[in-house]
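For reference, the structure is listed below as structure tokens.
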Amino acid sequence: MTELNTFAQDIDQFVRTDVLPFLDTWEQEKHYPIRKLIATLGQRQVFARCFLTDQDAPQRYQYNRILHERLAYLPSGILGSCINNHLDAALSLLANHAKGEQGMAWRNDCVQGRRVITLASTESQTGSDIGEIKTAAMEQGGGYRLNGSKWFISNATIADAFCVLARTGTGKGVFDFSLFLVPSASAGVSVEMLDTLGMRAGTIGAVRFEDVKVDASQLIGIKGMGVPLTLKQFEKERLSLAIRSRSHGLYHLDLLKTYLREDRLRAAGTRELGRIESRLAEHACELEKLRVFIDHVIDLRFRGKPVADLVASLKLQATRTTKSIAATLLQYVDDSALVEHGIAARFFRDAKAASMAGGSDEMMLTLISRTH
Amino acid sequence: MHFSDQGTSLSRDLRAFLAERVEPHVAEWEVQGGYPAREVMQSLASSVPALNEAIRSGGTARLEAARVLEHALAPSMALGIAASLSIQLNVVAPVLVAFGSAALRRAYLSPVLNGELLVSWSMPDQANERSLPTAALENGRLVVTGRATHVINAVGADLHAQVVRIRRPGIGTQPGLLLIPAEAQGIEVIAQRQIGYRSAPVCTVRYHGTAVSIDMLVGEHNTGAALADRQRRLFWALSALRLAATATEMLARCKTWCEQRKIFGAPLLNNQAVQFRLAEGVANAALTLQLARVAVEAQAWPEGPGLLAEQAKYTANQLVADVAEMTTHLHGAHGYIDSSYLSRFYRDAALAMKCIGANDTVLRRVFDSEMNKNQNRHD
Chain Y
10 MTELNTFAQD IDQFVRTDVL PFLDTWEQEK HYPIRKLIAT LGQRQVFARC
60 FLTDQDAPQR YQYNRILHER LAYLPSGILG SCINNHLDAA LSLLANHAKG
110 EQGMAWRNDC VQGRRVITLA STESQTGSDI GEIKTAAMEQ GGGYRLNGSK
160 WFISNATIAD AFCVLARTGT GKGVFDFSLF LVPSASAGVS VEMLDTLGMR
210 AGTIGAVRFE DVKVDASQLI GIKGMGVPLT LKQFEKERLS LAIRSRSHGL
260 YHLDLLKTYL REDRLRAAGT RELGRIESRL AEHACELEKL RVFIDHVIDL
310 RFRGKPVADL VASLKLQATR TTKSIAATLL QYVDDSALVE HGIAARFFRD
360 AKAASMAGGS DEMMLTLISR TH
Chain P
-2 MHFSDQGTSL SRDLRAFLAE RVEPHVAEWE VQGGYPAREV MQSLASSVPA
48 LNEAIRSGGT ARLEAARVLE HALAPSMALG IAASLSIQLN VVAPVLVAFG
98 SAALRRAYLS PVLNGELLVS WSMPDQANER SLPTAALENG RLVVTGRATH
148 VINAVGADLH AQVVRIRRPG IGTQPGLLLI PAEAQGIEVI AQRQIGYRSA
198 PVCTVRYHGT AVSIDMLVGE HNTGAALADR QRRLFWALSA LRLAATATEM
248 LARCKTWCEQ RKIFGAPLLN NQAVQFRLAE GVANAALTLQ LARVAVEAQA
298 WPEGPGLLAE QAKYTANQLV ADVAEMTTHL HGAHGYIDSS YLSRFYRDAA
348 LAMKCIGAND TVLRRVFDSE MNKNQNRHD
């Protein structure tokens, strides 16, 4: 427990000194120095303790959870999202399936924070429907030629490499797709930033691959295993999303408590304090319920039990709860928080993204209903 | 929505005007952080003269024209611009028609209707009334001091329509509606980009001892509170109508998207979960639209509108929260792109729910009324 506590304190210290003092400026400039922050965390051996492999010791999950909880306990949702994409979506893929010297070099550089990596599976017209992916890698001269485009990719504008899900078969079956490690500096790769409603770090983008030459050694895992590997990553991403959503909600609930203690709501003209108090209590119950559920899911995962449906339930409930807290905050805080970069407005915009990322609510409901 | 023959004709003309002169430019105005209010209003006055005629006539014709305008604005998907036009034409102009002195009408009514003068409006919720600017009577002039929040049309306004608390020796403090020329000394407009209404920003206006002739007071001295309350309710009812009409339009567009968007080889709309969610939204929007319509019409009822405006505003707040959430959600990441009309609606809805007629303000009034009803029954 002591080591975990020390780790938690280290992350808190990082947030206090490297993040919080600059957050409002980054938000206004729509630019977060994510590369620099990832480098700092890597140098402090944070990723080395947190990345998840298929045969992880239970403690690694605890480190991973602590990292996500602490990075989400902020008036911003994007930092945790960027770290999650680097660490859980992409790095853990390499940790499990990187091949050869080149693959291991990428893995080690990402663990040390020297390079940033991200998973690129979504396309503009596909959303959650992986079977409709159009990006294709055609075999040619012992390697592949990659053509297509990915859309709404986290960390796209800062990534040194993408884990690209591309079609390598002719059908729409599970085994018609493969994953490739594609450096962003490769000839034919271009990236365009997307201006989004929230999550304004300047890191979400569209990536285009035009006749990009890919060597067979850049395959992640084996050919045709792209979808199963990606789906496995989604489970990790959803668990992280749930942990972050809860923590993000908790931060803002604590903020609401501070407002109440300081009587700022009455000063802002809000008379209905009884109503706010009951809403606050309801949200506190919901967050506690989520905390217990997260403990339960992680415990089952340690023990090798299938948890896909439980993770879906968790992600669905956590993101809904957080959106509900955002709506409460928006109604009750004073006007200064409603300005575009104000805390309530930022939370309202950022909280929305969590319910879309890692599969929509409908995908979660489908997963849950199929299992039961 | 049912309109009379005149209303139907007005609706046709307004929709044609807005489709040509407003809707294609909204995205550009959002980026610029403002729309050319005077230009649009002047063009509207010359292109659709029937609107001004209806407003001048007052009574039920004016209220129908107000409903028609709010409806026609829905496809523009810009709640800020809609609020801006509504403040000028559905709130300020009718106040001048009904309560303005002959001199005020002569000086301001035509310029306001024709868009030659842009008028701002600040009408805080009742909960905030104590924070209204105050006006002290000094040598036949009212000297205004204080701060007004949630002011629509403040940027570039020629005239600020401002509810103030007028201090009268021996009588106490009473709210009154004052027209304050923008060129008067000591007025500071603070424009901060907010979460929504980017093309028609909501501002704060500070008055630092601004002196205004007492002749600029609208209505009688002892009717200020009633006038302020009446206009607040009218704006709540109109806002509810605007929100419900825009939500209805948004649901229709979302349905089209779900028909065209294919997921797992079939249109998204084929999923029963999506069908039911949209159906619930449509049903809710239809009911809210009718409640808002009656709330607007009730403003002219001899017995008074009761609590219809409050109920309509609360219901509409809940509706837009649900529809904004649902429609951005069903569009996936496409709905999260900042420049999309979906993101705009999501942002605007957040402000519309909070700005003038926040949930707790209207619920408090409904609650108070309900408590009184119970007491009456026991009596």
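Top line first, the protein sequences correspond to chains Y and P. Count along the first sequence from 1, add 9, and you get the number used in the numbering used here. Reminder that position 183 of the second sequence reads as 180 in the numbering used here, one-by-one numbering, no gaps. Ideal Cβ positions, reconstructed from N, Cα and C, are used throughout, including at glycine.
Ranking Y:156, Y:75 and Y:181 by CA distance to the CA of residue 196 (chain Y) puts Y:156 first. In this structure the region 215 to 228 of chain Y does not lie against the region 41 to 61 of chain Y, because fewer than three pairs of beta carbons, one per stretch, are closer than 8 Å.
Residue pairing by DSSP places residue 117 (chain P) opposite P:157 in a beta bridge.
Boundaries of the beta strand (DSSP E) harbouring residue 139 (chain P): 138 to 149, taken from the DSSP string. One alpha carbon belongs to residue 240 (chain Y), the other to residue 248 (chain P), and they sit about 32 Å apart. For residue 362 (chain Y), the residues of chain P that pass the 8 Å Cβ criterion are 333, in the order they occur in the chain. Note: residue 189 (chain Y) is bridge-paired with Y:173 and Y:228 in the DSSP secondary-structure output. By the CB criterion at 9 Å, residue 261 (chain P) and residue 88 (chain P) fall outside the cutoff. Between residue 178 (chain P) and residue 214 (chain P), the C-beta gap is not smaller than 9 Å, which leaves the two residues out of contact.
DSSP places residue 159 (chain Y) inside the beta strand (DSSP E), whose first and last residues are 152 to 162.
Taking the beta carbon of residue 365 (chain Y) as reference, the chain P residues within 9 Å of it are 325, 326, 329, 330, 332 and 333, listed in sequence order. When beta bridges are read from the DSSP output, residue 145 (chain Y) appears opposite Y:156 and Y:176.
If you ignore the 5 residues before and after residue 207 (chain P), its C-beta comes within less than 8 Å of the C-beta of 140, 141, 142, 177, 181, 182, 183 and 184, all in its own chain and listed in chain order. Taking 9 Å as the cut-off, the Cβ atoms of residue 228 (chain Y) and residue 189 (chain Y) count as close. Taking a cut-off of 8 Å for Cβ pairs, the region 303 to 310 of chain P and the region 357 to 365 of chain P touch, as three or more such pairs fall below it. Comparing alpha-carbon positions, the option among P:165, P:32 and P:68 lying closest to residue 10 (chain P) turns out to be P:68.
The C-beta of residue 356 (chain Y) has 16 or more other C-beta atoms within 10 Å across all chains shown, which makes the residue buried. Residue pairing from DSSP leaves residue 72 (chain P) without any beta-bridge partner. Shortest Cα-Cα distance from residue 301 (chain Y) to any of Y:284, Y:314 and Y:319 involves Y:319. Listed along the chain, the chain P residues whose CB falls inside 7 Å of the CB of residue 284 (chain Y) are 357.
Residues of the region 225 to 255 of chain Y that bring their beta carbon within less than 8 Å of a beta carbon in chain P are absent altogether. Secondary structure note for residue 217 (chain Y): its beta strand (DSSP E) is the uninterrupted segment 214 to 223. The region 131 to 142 of chain Y makes contact with the region 175 to 185 of chain Y: 3 or more CB pairs, one atom from each, lie closer than 8 Å. Fewer than three pairs of CB atoms, one per stretch, sit closer than 8 Å, so the region 5 to 25 of chain P makes no contact with the region 318 to 333 of chain P.
In terms of Cβ geometry, residue 340 (chain Y) and residue 252 (chain P) do not form a close pair [threshold 9 Å]. Taking one beta carbon from each stretch, the region 263 to 271 of chain P and the region 92 to 104 of chain P have fewer than 3 pairs nearer than 8 Å; the two do not touch. Taking a 10 Å sphere around the C-beta of residue 315 (chain Y), we find fewer than 16 other C-beta atoms and assign the residue as exposed. A straight line joining the alpha-carbon of residue 320 (chain P) with that of residue 274 (chain P) spans about 10 Å.
Counting along the chain, the unbroken beta strand (DSSP E) around residue 205 (chain P) starts and ends at 199 to 210. For the pair of segments examined, the region 202 to 217 of chain Y was found to touch the region 21 to 39 of chain Y: the number of CB pairs separated by less than 8 Å reaches three. Residue contact with chain Y for residue 343 (chain P): present (Cβ-Cβ distance below 9 Å to some residue of chain Y).
Using a CB distance below 7 Å, the part of the region 244 to 260 of chain P facing chain Y consists of 260, ordered along the chain. By the beta-carbon neighbour count (other beta carbons within 10 angstroms, threshold 16), residue 149 (chain Y) is exposed. Within the region 30 to 97 of chain P, the complete alpha helix (DSSP H) runs of at least 4 residues fall at 34 to 44, 46 to 54, 56 to 69, 76 to 83 and 90 to 96.
By the neighbour-count definition (other C-beta atoms within 10 Å, threshold 16), residue 103 (chain P) is an exposed residue.
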